[in-house]
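> Protein chains in written order, with my numbering: chain A, 1 to 806; chain B, 807 to 921. Cβ atoms here follow ideal geometry from the backbone N, Cα and C, with glycine treated the same way.
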Amino acid sequence: MAATDAQTSLRHAFGNVLAFFILILIGVLAFSIRLFSVIKYESVIHEFDPYFNYRVTQFLTKNGIYDFWNWFDDRTWYPLGRVIGGTVYPGLTLTAGTLWWILNSLNIPLSVETVCVFTAPIFSAFASWATYLLTKEVKGPGAGLTAAVLLAMVPSYISRSVAGSYDNEAVAIFALIFTFYLYIKTLNTGSLFYATLNSIAYFYMVCSWGGYTFIINLIPMHALLCIVTGRYSSRLYIAYAPLIVLGTLLAALVPVVGFNAVMTSEHFASFLVFILIHVVALVYYIKGILSPKMFKVAVALVVSGGLAVCFAMIAVLVAMVASSPTMGWSGRSLSLLDPTYASKYIPIIASVSEHQPPTWPSYFMDINVLAFLVPAGIIVSFFCAKIVCLIFSCYSVEFLTKSRWSLLLQACFSPLSDASSFVILYIVTSVYFSGVMVRLMLVLAPAACILSGIALSQAFDVFTRSIKLQLPSLSIDSPVDAGDGSSESVVPDDTVKTDKTEDTQKERTSKKSRSRKSSSESVEKPSSKSQIKKRLSVLPLETSIIAIVLLVLLGAFYVVHSVWAAAEAYSAPSIVLTSHSHDGLHVFDDFREAYAWLSHNTEVDDKVASWWDYGYQTTAMANRTVIVDNNTWNNTHIATVGTAMSSPEKAAWEIFHSLDVKYVLVVFGGLVGYPSDDINKFLWMVRIGGGVFPHIKEPDYLRDGQYRIDNMATPTMLNCLMYKLSYYRFVETDGKAFDRVRRTEIGKKHFKLTHFEEVFTTHHWMVRIYKLKPPKNRIRGKTKKSKSKANPKTVSKRKELKRNPF
Amino acid sequence: MVRSTTKDAQDLIRALWSAYSATPTNLKIIDHYVAFAVFTALIQVVYVALVGTFPFNSFLSGVLSCVGTAVLAVSLRIQLNKENKEFKDIAPERAFADFVLCNVVLHLVIMNFLG
Numbered sequence: 001m002a003a004t005d006a007q008t009s010l011r012h013a014f015g016n017v018l019a020f021f022i023l024i025l026i027g028v029l030a031f032s033i034r035l036f037s038v039i040k041y042e043s044v045i046h047e048f049d050p051y052f053n054y055r056v057t058q059f060l061t062k063n064g065i066y067d068f069w070n071w072f073d074d075r076t077w078y079p080l081g082r083v084i085g086g087t088v089y090p091g092l093t094l095t096a097g098t099l100w101w102i103l104n105s106l107n108i109p110l111s112v113e114t115v116c117v118f119t120a121p122i123f124s125a126f127a128s129w130a131t132y133l134l135t136k137e138v139k140g141p142g143a144g145l146t147a148a149v150l151l152a153m154v155p156s157y158i159s160r161s162v163a164g165s166y167d168n169e170a171v172a173i174f175a176l177i178f179t180f181y182l183y184i185k186t187l188n189t190g191s192l193f194y195a196t197l198n199s200i201a202y203f204y205m206v207c208s209w210g211g212y213t214f215i216i217n218l219i220p221m222h223a224l225l226c227i228v229t230g231r232y233s234s235r236l237y238i239a240y241a242p243l244i245v246l247g248t249l250l251a252a253l254v255p256v257v258g259f260n261a262v263m264t265s266e267h268f269a270s271f272l273v274f275i276l277i278h279v280v281a282l283v284y285y286i287k288g289i290l291s292p293k294m295f296k297v298a299v300a301l302v303v304s305g306g307l308a309v310c311f312a313m314i315a316v317l318v319a320m321v322a323s324s325p326t327m328g329w330s331g332r333s334l335s336l337l338d339p340t341y342a343s344k345y346i347p348i349i350a351s352v353s354e355h356q357p358p359t360w361p362s363y364f365m366d367i368n369v370l371a372f373l374v375p376a377g378i379i380v381s382f383f384c385a386k387i388v389c390l391i392f393s394c395y396s397v398e399f400l401t402k403s404r405w406s407l408l409l410q411a412c413f414s415p416l417s418d419a420s421s422f423v424i425l426y427i428v429t430s431v432y433f434s435g436v437m438v439r440l441m442l443v444l445a446p447a448a449c450i451l452s453g454i455a456l457s458q459a460f461d462v463f464t465r466s467i468k469l470q471l472p473s474l475s476i477d478s479p480v481d482a483g484d485g486s487s488e489s490v491v492p493d494d495t496v497k498t499d500k501t502e503d504t505q506k507e508r509t510s511k512k513s514r515s516r517k518s519s520s521e522s523v524e525k526p527s528s529k530s531q532i533k534k535r536l537s538v539l540p541l542e543t544s545i546i547a548i549v550l551l552v553l554l555g556a557f558y559v560v561h562s563v564w565a566a567a568e569a570y571s572a573p574s575i576v577l578t579s580h581s582h583d584g585l586h587v588f589d590d591f592r593e594a595y596a597w598l599s600h601n602t603e604v605d606d607k608v609a610s611w612w613d614y615g616y617q618t619t620a621m622a623n624r625t626v627i628v629d630n631n632t633w634n635n636t637h638i639a640t641v642g643t644a645m646s647s648p649e650k651a652a653w654e655i656f657h658s659l660d661v662k663y664v665l666v667v668f669g670g671l672v673g674y675p676s677d678d679i680n681k682f683l684w685m686v687r688i689g690g691g692v693f694p695h696i697k698e699p700d701y702l703r704d705g706q707y708r709i710d711n712m713a714t715p716t717m718l719n720c721l722m723y724k725l726s727y728y729r730f731v732e733t734d735g736k737a738f739d740r741v742r743r744t745e746i747g748k749k750h751f752k753l754t755h756f757e758e759v760f761t762t763h764h765w766m767v768r769i770y771k772l773k774p775p776k777n778r779i780r781g782k783t784k785k786s787k788s789k790a791n792p793k794t795v796s797k798r799k800e801l802k803r804n805p806f
Numbered sequence: 807m808v809r810s811t812t813k814d815a816q817d818l819i820r821a822l823w824s825a826y827s828a829t830p831t832n833l834k835i836i837d838h839y840v841a842f843a844v845f846t847a848l849i850q851v852v853y854v855a856l857v858g859t860f861p862f863n864s865f866l867s868g869v870l871s872c873v874g875t876a877v878l879a880v881s882l883r884i885q886l887n888k889e890n891k892e893f894k895d896i897a898p899e900r901a902f903a904d905f906v907l908c909n910v911v912l913h914l915v916i917m918n919f920l921g
């Protein structure tokens, strides 16, 4: 016995060391798979939102935390400005700032940009380690390692955390998984220490991302599920109640959330379940100290008296909630709960491409093989894997007695633990929300990885155990391997040897040998139970080997797909574009060309107007004040810019002049075929502008309901500012003005601009910058209204009337 | 019917009282602490109803600190109660140390939020 004990502990130690090294390798894998964009392009920040985060981090590292906390930014949303301290989720910037500060104090002089670019891969390594910890709590270390590997490579997480994608989700997903891990750990151990850590991790999540409302609604749902299914325990109370109190306080500390932590409907579920869990705890306590008869009396009394009070309170609560038009929910939450809400009421949320519902192929693209491993994981969480063997060994049903059947069924159904019910609730809710918005596929990814890890690990377990128990060379070790009991040191040898002879026979003959074995075993009653379990958990050798080979192939397909997705689909920085042609690789660096021109050729205080997509990049790279940017917090301001873009030149000039705008920036993809240009986004400008200024009507810009810019387009379309600024002098490029994106020749080819002048067009005509012409100084004669002088004269007159005397 | 209900209520209260007096003294001390915390929270709510919610963060931090210490004390009581089979292998010193740590974090947050 001592020898086997020493052997077991040695094997455990070996297993732990191996798991440690595997985890290090998983971290390296998660980090390296996200470096494709750095290798293919350069270490640059991608997209639009990360540029804002980068600018905020620069400010933080330059000016310190107090100035950052109180920062009022006057270079965006001119003339309104933006309170950065109160409207930004500080988690990401504080994390990167801390990292930069630590590295610099250690005399490792990395620039802020480098730290920002590589924050996401580092935290994705942490996230896979957190997934290992979470799955280890739910199932075991084998499932944990599998889930960690799957998460390190899942394409939907890669898409939002490549090197350069410096966005909130980079750290928020790590915080999400870590908070869930600590919740499950508290639930399993019932220790207040982990409850404290759980609240601190939840605080980090609130600091990082608006998606924290998912946690504060999922955990109460799970607590409610546990109470309703009769799984209330005092560990649940310790896991839930301190988290809610501390969590609400910590959430109220973050300025973005503030008092919303207690006043909006997103948090009400947690308070309701908080009250409910106290009631349930009290009921269980009283049930414990009273005799059953007295308890029935108590229930009768309380139910009759307390119900009236309860109804009164509920009526008050419902009245309070119903008095607000959105029932207390914020716009973003409502657009998630009711998928049609955004398109009816908030066109800005509906216009963002990542807020559209996903298509079916995007599920396969983003979670690949996990899409069909998840149901297997759900089944494995409900039952133990011996049910798989049950299906395989149903051929032996006729010789099994009824008692052995019931024994087998008991062995099959391992009870659903709290932790696995939590994971199943997590996957169900995240599947619903990912069906509403594409960007929430990211929240589905960890749940899918956990369940697939459980399924894969259990499948490997069954198959490898079958092989191990059937290989003759291992028959000496089988007493140690058989985990069912210590009384079978003699019998397994027989079982293994006879199983080996089974392998070479067909199934019917193996039935006969089994019936022979069963007669010999009916003598040894105590070990028969474990033997049935062991025998029925053994699958035929060839099946197991083929199954393992197929599973490895499945994993190989997943790896190949993930690496392809990381390299080709998700590594584009979108600030630099490339295209392959017959004479090599073309690089389109027009955006940075335009921003550099702006920063070198304009005054520091000049205001630049463009559509809100480019606001963050303009402030970060060109360092100029913009009118609207990607934060989109003021719909009317955006509608003003949209109206200006949709109006004729004179009206647009006036709107821009009233906003002190000097330069207008337009993105145009017609020469090179870049499809995300402003002409393709133009209808959204019309819709948003028309939502606030009713004189802009969308049907004016459509011919027979179709959006066209060729010679069949409406006159309103051909005269609007966006059309003119995009296609000014376009006919000079190829003589025919063929737009490569819309694939037609444009309608109005030769025209002049009266109120704007072109100051810069980039190399591939992708960004075009115009300057507002100043109003005329002299007005020659007010009475004569000649055609040529009519416009400037009336404009300047109106300007003089509007302007202040000094 | 009414008489049997009042008689039932009296029996119930007597049974509760006798069952409760059987609990050990240290648990009763914790119960008194919880009652004190809840009572303080109620006083604060009445005060706010009278005076108005102007420094709302102070009100919130005050009420939540009372509720928080009550919840933590209840968790401590759960862990110290000998009748709870799930917690028989947690040393009472460990339970108390966890309680102190959680309270320290709670009060740090409260002091920050008090304003």
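Which one of A:724, A:317, A:200 has the shortest CA to CA distance from residue 271 of chain A?
A:317
> Does any C-beta atom of chain B lie closer than 8 Å to the C-beta of residue 253 of chain A?
yes
> Between residue 881 of chain B and chain A, is the shortest Cβ-Cβ distance under 8 Å, so that the two count as touching?
Under the Cβ criterion of 8 Å, residue 881 of chain B is counted among the residues facing chain A.
> Check the Cβ-Cβ distances between residue 849 of chain B and every residue of chain A, and say whether any is below 8 Å.
no
> Can you tell me which residues form a DSSP beta bridge with residue 609 of chain A?
Among the bridge pairs identified by DSSP, residue 609 of chain A is matched with A:664.
> Once you ignore the five residues that flank residue 236 of chain A on each side, which residues in its own chain have a CB closer than 8 Å to its CB?
187, 223, 226, 227, 277, 418
> I'd like to check one pair, residue 206 of chain A with residue 251 of chain A: are the Cβ atoms closer than 8 Å?
yes
> Roughly how many angstroms separate the alpha carbons of residue 3 of chain A and residue 17 of chain A, rounded to a whole number?
Between residue 3 of chain A and residue 17 of chain A, the C-alpha separation is close to 21 Å.
> Should the segment 839–846 of chain B be regarded as contacting the segment 856–875 of chain B, the criterion being three or more beta carbon pairs within less than 8 Å?
Taking 8 Å as the limit for Cβ pairs, the verdict is that the segment 856–875 of chain B does touch the segment 839–846 of chain B.
> Quick check: what's the CA-CA separation for residue 508 of chain A versus residue 146 of chain A?
With a pLDDT of 41 at residue 508 of chain A, under the threshold of 50, the predicted position of this residue should be treated as unreliable, and no value is reported.
> Just reading off the beta strand (DSSP E) that residue 588 of chain A is part of, what are its end residues?
Unbroken beta strand (DSSP E) run through residue 588 of chain A: 584–588.
> How far does the alpha helix (DSSP H) with residue 603 of chain A in it extend, from its first residue to its last?
Here residue 603 of chain A belongs to no alpha helix (DSSP H), and DSSP marks it neither H nor E.
> So if DSSP puts residue 760 of chain A in a beta bridge, which residue, or which two residues, is it bridged to?
A:769
> When the Cα of residue 829 of chain B is compared with those of B:887, B:840, B:900, which residue comes out closest?
B:887
> Just to confirm the assignment, what range does the beta strand (DSSP E) spanning residue 580 of chain A have?
577–581
> Return the chain-ordered list of same chain residues with a C-beta closer than 8 Å to the C-beta of residue 357 of chain A, the five sequence neighbours on each side being excluded.
339, 435, 436, 437, 438
> Check the DSSP bridge columns for residue 316 of chain A and list the partner residues they point to.
Answer is none; residue 316 of chain A lacks a bridge partner.
> Can you have a look at residue 216 of chain A and say buried or exposed, based on whether 16 or more other CB atoms are within 10 angstroms of its CB?
buried
> Hey, does residue 120 of chain A have any beta-carbon neighbour from chain B nearer than 8 Å?
For residue 120 of chain A, the answer is no, since every Cβ of chain B falls outside 8 Å of its Cβ.
> Which residue's Cα is closest to the Cα of residue 697 of chain A: A:703, A:51, A:686?
A:686
> Can you name the start and end residues of the alpha helix (DSSP H) that residue 879 of chain B belongs to?
Bounds of the alpha helix (DSSP H) holding residue 879 of chain B are 862–886.
> Would you verify that the beta carbon of residue 195 of chain A is, or is not, closer than 8 Å to some beta carbon of chain B?
Between residue 195 of chain A and chain B, the shortest Cβ-Cβ separation is below 8 Å.
> Excluding the five sequence neighbours on either side, which residues of its own chain have a C-beta within less than 7 Å of the C-beta of residue 483 of chain A, listed in chain order?
Reliability fails at residue 483 of chain A, whose pLDDT of 38 lies under 50, so the model's placement of it is uncertain and the value that follows must be treated cautiously. Same-chain partners within the cutoff: there are none.
> So what does DSSP say about residue 11 of chain A, is it helix, strand or coil?
DSSP, reduced to helix, strand and coil, places residue 11 of chain A within a helical segment of the structure shown.
> What separation, rounded to the nearest whole angstrom, lies between the Cα atoms of residue 192 of chain A and residue 239 of chain A?
8 Å
> Residue 452 of chain A CB to nearest chain B CB: under 8 Å?
It does not: the Cβ of residue 452 of chain A has no partner Cβ on chain B nearer than 8 Å.
> Over what stretch of residues does the alpha helix (DSSP H) that includes residue 62 of chain A continue unbroken?
49–63
> Tell me which residues of the segment 39–65 of chain A have at least one Cβ-Cβ distance to chain B shorter than 9 Å, keeping chain order.
Residues of the segment 39–65 of chain A that bring their beta carbon within less than 9 Å of a beta carbon in chain B are absent altogether.
> Classify residue 543 of chain A as helix, strand or coil using the three-state DSSP reduction.
helix
> May I have the straight-line CA-CA distance separating residue 840 of chain B from residue 878 of chain B, to the nearest angstrom?
Rounded to whole angstroms, residue 840 of chain B to residue 878 of chain B spans 9 Å at the Cα level.
> Any C-beta of chain B sitting closer than 8 Å to the C-beta of residue 237 of chain A?
Yes, its Cβ sits closer than 8 Å to a Cβ of chain B.
> Buried or exposed for residue 160 of chain A, please, with buried defined as at least 16 other CB atoms from any protein chain shown within 10 angstroms of its CB.
buried
> What number of angstroms, rounded off, separates the C-alpha of residue 899 of chain B from the C-alpha of residue 906 of chain B?
For the pair residue 899 of chain B and residue 906 of chain B, the Cα-to-Cα distance works out to about 10 Å.
> Taking 6 Å as the limit between beta carbons, can you name the residues of its chain near residue 558 of chain A, skipping five residues before and five after?
368, 369
> What does residue 703 of chain A pair with, by DSSP beta-bridge criteria?
A:706
> Give the list of continuous alpha helix (DSSP H) stretches no shorter than 4 residues that lie fully inside the segment 211–257 of chain A.
Qualifying alpha helix (DSSP H) stretches, in chain order: 212–228, 234–253.
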